[in-house]
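I have placed the structure first, in the form of structure tokens, so that the comments after it can refer back to it.
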Amino acid sequence: MDNPLIGSGRETSRDLLLLGLIVAVGFVLRFAELGTPGLIRDEALVLIAAEHGPLYIWLRALTTDAHPPYFYYIVKALLFMGHSDFALRLFPAAAGTLSVYLLYRLGRRLFDPGTSLIAAALLAAYPLHLQMSRLLRPHPFIVCLTILAMAWLLDFIRDPSRRNLIRLAVLNAALLLFHFNTLLIVGTEAACLLAVLPFASREAVLRRYLPFLGITGLSLLLDLPLLLLRLGKFPGFDLNLSMAWTLTRSVVNLDKMLAFFPLPWVNIVGWALFAVGVVSLFRTRRLAGLYLGAFIVLPLGVLVLAKYGLFYEPWHIAFIIPALLLFCARGARALLPRQGAVQLAAALVPCLAAVLLFTVRHETLYAMNSSIFGYEECYKKMAIHLQPFLKSPSAVLFNESFERNFVNWYLRQFTSTDLARNRILPTDPVVTTTLVANGPIYSDQDHPEAVRQAADKLLADCGARTAVDALSCATITAWDIARRPGAVIDALPYKDSFDAYAPDFLRTVYQAENVQILLSPLAHTIAPAAYDQPGRFTVRFENKTRAKASDMALDMVLRRSGKGHVFQVFCAYDDEEPRLVFDLPPDWTADTARIRLQRRKPFQHLSVTVAMADPESNVSFYGVSDSIRFEKMDVAVSEPDEALDADVAVDMEQIGEIETVPEGRYRWGFGPQSAMRFHLERPEPMRLELACNNPIPGQTMEILVNGVVLAKVGPLAAQPWLAQTTPVRLDFAGQAGDNTVTLRYGAYNHQEPAAPGGTFAPDDGRRLALAFTTLKLSRAGEQQDSFVVLAR
0 MDNPLIGSGR ETSRDLLLLG LIVAVGFVLR FAELGTPGLI RDEALVLIAA
50 EHGPLYIWLR ALTTDAHPPY FYYIVKALLF MGHSDFALRL FPAAAGTLSV
100 YLLYRLGRRL FDPGTSLIAA ALLAAYPLHL QMSRLLRPHP FIVCLTILAM
150 AWLLDFIRDP SRRNLIRLAV LNAALLLFHF NTLLIVGTEA ACLLAVLPFA
200 SREAVLRRYL PFLGITGLSL LLDLPLLLLR LGKFPGFDLN LSMAWTLTRS
250 VVNLDKMLAF FPLPWVNIVG WALFAVGVVS LFRTRRLAGL YLGAFIVLPL
300 GVLVLAKYGL FYEPWHIAFI IPALLLFCAR GARALLPRQG AVQLAAALVP
350 CLAAVLLFTV RHETLYAMNS SIFGYEECYK KMAIHLQPFL KSPSAVLFNE
400 SFERNFVNWY LRQFTSTDLA RNRILPTDPV VTTTLVANGP IYSDQDHPEA
450 VRQAADKLLA DCGARTAVDA LSCATITAWD IARRPGAVID ALPYKDSFDA
500 YAPDFLRTVY QAENVQILLS PLAHTIAPAA YDQPGRFTVR FENKTRAKAS
550 DMALDMVLRR SGKGHVFQVF CAYDDEEPRL VFDLPPDWTA DTARIRLQRR
600 KPFQHLSVTV AMADPESNVS FYGVSDSIRF EKMDVAVSEP DEALDADVAV
650 DMEQIGEIET VPEGRYRWGF GPQSAMRFHL ERPEPMRLEL ACNNPIPGQT
700 MEILVNGVVL AKVGPLAAQP WLAQTTPVRL DFAGQAGDNT VTLRYGAYNH
750 QEPAAPGGTF APDDGRRLAL AFTTLKLSRA GEQQDSFVVL AR
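Quick note on numbering: numbering that gives the first Met the number 0 labels position 492 of the sequence shown as 491, and the sequence is numbered without any gaps.
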């Protein structure tokens, strides 16, 4: 049987010169204009993740990413080379160039110099490998290490020495750092070695092969636990796709990968050479064919069985390129029996590819708008064209929020601008506002009409445009939004709403820093602009009424999708120090924070500040710190009523709003019980004063303070409507922290079972119990401002 481990024929000086030419052309093709085009999304994702700390990278791999974390750590270490596009892509391009030489050396372990030269020439000009080698992605490293692993495995099978064992084991561990798919390469190595065991000596099996398999099994632990955590998650394995889908997709990918030259329809030639190579090898070098075939069939077979899907493109299986090209090279060698013809073909392939790629096919790789992997993304162009609009203050909106970080990468590295460090001051008359949109302003295929209407509204509400800059991949629209910061309370009762809709927010916010505006046709929101510094903004209300605006309600709508957030609300009257009135507790599950403020003396201004921070434990696939967001704040200021207003901020449950009729003003208490909750900074003596009108014969009421019954009222006779009331006064000790006063009724309207005379208003669906003409909580000691957060 033929020995697949030993190549045939001697290398001549011409072969080595040709190899030098092929590697040189491969180097030029990979390094020419390496900084062009700018970063694509996949590269930007790597960089944005690598900029974060080690814990963030690790958590990201466990929760949102489809890759192990190690490659991001490698990129983090490589950043010392610089942050330019050229510097970032230097190592991938070097790995791609080295792969050309290594494929020749792998070919020489199996075939003659001619076949090896053709394989190296094909890789030097291979469009897919050129693309990969010019991007900061793991794939060029994987291809390079795969070629080395295939060569060193052959060496280990031929000579199972300790040196060959150690270097192959170390190489496999390094390979596993780059991608989950490298498990398939190491697994294929193990399968090849198992196939050799029956033919090896007992000493080699016990002292070398079995220890290597054991070490390989241990090295798989670098990736396997993380992979198991990702199974069934996006993106990953077994996403309700079928093996037939993965098999079909594999064939489609192979068809793309056999386009080994930058000309249309060359994939047909690729299939022909591949088929000839397979037939030739299995007729003359069967074991070599089986060896190369194992590195194609076994990985693809596992992917089919695992129903690998959703994101499955040729670069995801780039590790089969070496075996694929060696089959094609063998096919070309079979069709070119003369050595001179083989050497001419090996010289022409990369040189013709270089001519094509630098002339008529220049935009394939080397232009600013080159579409790499089908992506035409121009974050560098966006950054360049944004710069003229980045005045102070300025706001930049993106219809795809993740693009902010990618564009900001360029701005931070090469300018003094940082989109995550923004500020709007009360004295700013104008905010230069820029929208970067690709296609529709919003992306929401499920609500196309809402998207269109929201886009039209935004364009109209921002006012006259100062500039429109249409790029090949985006449109930049700019406005100058005139500011009128603050709101005016000019009459009581007062109601208004402050929301995150960009034109309104930028016009009226008093001041803001480090926030981003997230656009959506369904709910605009404000979020922190970065993980490492809280975003905050302040809304200011000017009280122009002569009345004492004592009772104010703030209803904050917030969104969150993680844990450990900071969401705080501070309030300040006039020049007083801000006071923390809401601090998001860990167990908060509601979307609304309802806050009641009580002011003891007149004020001119009320400032409400919202501070938000998103911890790095809430990792994001795109690195966007938006899992804590502010949507809007509804503000209501009541008209003062001495009888029905408390002297402390009170959360009233099952107590109606003030109603006015000719007979007087009152609030209804609803059954089965009402409650008043308030907050004290320290223990204080408190007083409850109430006067109630009773419409139900035999009505009773228990008064509980913090769950303890302190007083009972009744039974009461039915009383004429508001003409007669029963007064109650109760002094009690309030405790530091939250307090609750509960009014528990014996009967109420629509009670089941109904008490005699209980359903006194059958046409009113409310559970009416008592009408209070006085209902007041007050401090018996020193009077102070207070606040309370309403129950969720």
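We treat Cβ as the ideally placed atom computed from N, Cα and C, and that holds for glycine.
Residue i and residue j closer than 9 Å at C-beta
i      : j      : result
Thr432 : Ile488 : no
Gly561 : Ser471 : no
Gly534 : Gln515 : yes
Ala522 : Glu630 : yes
Ala792 : Val99  : The structure shown has nothing for residue 792, since the chain only spans 0 to 791.
Arg539 : Leu605 : yes
Tyr747 : Pro661 : no
Thr114 : Val341 : yes
Val580 : Leu596 : yes
Phe851 : Ala486 : As shown, the chain starts at 0 and ends at 791. That puts residue 851 outside it, with no answer to give.
Arg420 : Ala499 : no
Leu679 : Met700 : no
Thr537 : Val609 : yes
Asn404 : Val623 : yes
Ile702 : Leu721 : no
Leu109 : Ala287 : yes
Per-residue burial, residue i [other beta carbons within 10 Å of its own, 16 or more giving buried]
i      : result
Glu751 : exposed
Thr773 : buried
Gly235 : Low confidence applies to Gly235: its pLDDT is 43, below 50, so where it sits in the model is not reliable, and the reading given next is rough at best. Gly235 should be labelled buried.
Leu205 : exposed
Thr247 : exposed
Thr426 : exposed
Glu376 : buried
Pro197 : exposed
Trp151 : buried
Val647 : buried
Asp237 : Low local confidence applies: a pLDDT of 45 at Asp237 is under 50, so the model's placement there is unreliable, with the coordinate-based value given in what follows. So Asp237 counts as exposed.
Ile695 : buried
Asp650 : buried
Ala753 : exposed
Leu323 : buried
Leu16  : exposed
Glu402 : buried
Gly756 : exposed
Asp763 : exposed
Residue nearest to residue i in terms of C-alpha spacing, selected from the options
i      : options                           : result
Gly655 : His315, Arg765, Ala459 and Tyr493 : Arg765
Gln532 : Glu512, Ser496 and Met551         : Glu512
Thr187 : Trp720, Phe294 and Arg107         : Phe294
Leu518 : Lys494, Arg464 and Leu457         : Leu457
Leu164 : Gly330, Leu176, Ala189 and Arg483 : Ala189
Arg13  : Cys461, Pro112, Gly37 and Arg108  : Pro112
Leu144 : Phe318, Leu225, Leu297 and Ala274 : Phe318
Val707 : Thr739, Pro714 and Pro684         : Thr739
Leu46  : Phe79, Gly736, Glu448 and Glu688  : Phe79
Cys792 : Tyr55, Tyr125 and Asp455          : Given that the chain is displayed from residue 0 to residue 791, the structure contains no residue 792 and the question cannot be resolved.
Phe602 : Val636, Pro761, Thr608 and Leu418 : Val636
Ile594 : Ala148, Phe140 and Cys570         : Cys570
Leu343 : Ala463, Thr465, Pro761 and Ile117 : Ile117
Thr465 : Trp478, Asp455 and Thr474         : Trp478
Ala31  : Pro67, Arg133 and Met256          : Arg133
Gly300 : Asn180, Asp582 and Lys255         : Asn180
Arg157 : Arg207, Ala473 and Asp586         : Arg207
Ala43  : Leu28, Leu77 and Leu135           : Leu135
Thr588 : Thr725, Ile627 and Met242         : Ile627
Ala717 : Met685, Ala770, Ala710 and Glu683 : Ala770
Leu776 : Asp222, Arg329 and Asp550         : Asp550
Ser400 : Leu742, Asp455, Leu389 and Leu434 : Leu434
Would you check if there are 3 or more beta carbon pairs closer than 8 Å linking the segment 11 to 21 to the segment 54 to 64?
Contact check between the segment 11 to 21 and the segment 54 to 64: fewer than three CB pairs, one atom from each, fall below 8 Å, which does not count as touching.
If we require 4 or more residues per run, which alpha helix (DSSP H) segments fall completely within the segment 26 to 103?
Segments of the alpha helix (DSSP H) lying fully in the segment 26 to 103: 40 to 49, 53 to 62 and 69 to 77.
Three or more C-beta pairs under 8 Å: does that hold for the segment 63 to 82 against the segment 380 to 396?
The segment 380 to 396 and the segment 63 to 82 do not touch, with fewer than three beta-carbon pairs separated by less than 8 Å.
Contained beta strand (DSSP E) runs [length at least 3] in the segment 633 to 697, N- to C-terminal order
Within the segment 633 to 697, the runs of beta strand (DSSP E) at least 3 residues long that lie entirely inside it are, in chain order, 649 to 652, 658 to 660, 663 to 669, 672 to 679 and 683 to 692.
What are the complete beta strand (DSSP E) segments, minimum 3 residues, inside the segment 505 to 564?
Entirely contained in the segment 505 to 564, the beta strand (DSSP E) runs reaching 3 residues are, in chain order, 510 to 512, 514 to 517, 524 to 527, 534 to 542 and 550 to 559.
Three-pair Cβ contact test at 8 Å for the segment 262 to 281 versus the segment 331 to 338:
Here the segment 262 to 281 lies against the segment 331 to 338, with 3 or more beta-carbon pairs under 8 Å apart.
If we count Cβ pairs, one from each stretch, closer than 8 Å, do we get three or more for the segment 729 to 740 versus the segment 607 to 624?
Because the criterion of three Cβ pairs below 8 Å is not met, the segment 729 to 740 and the segment 607 to 624 do not touch.
Which ranges would you report for the alpha helix (DSSP H) in the segment 268 to 332 if only whole runs of at least 4 residues count?
Taken in chain order, the unbroken stretches of alpha helix (DSSP H) that lie wholly in the segment 268 to 332 and span 4 residues or more are 285 to 304.
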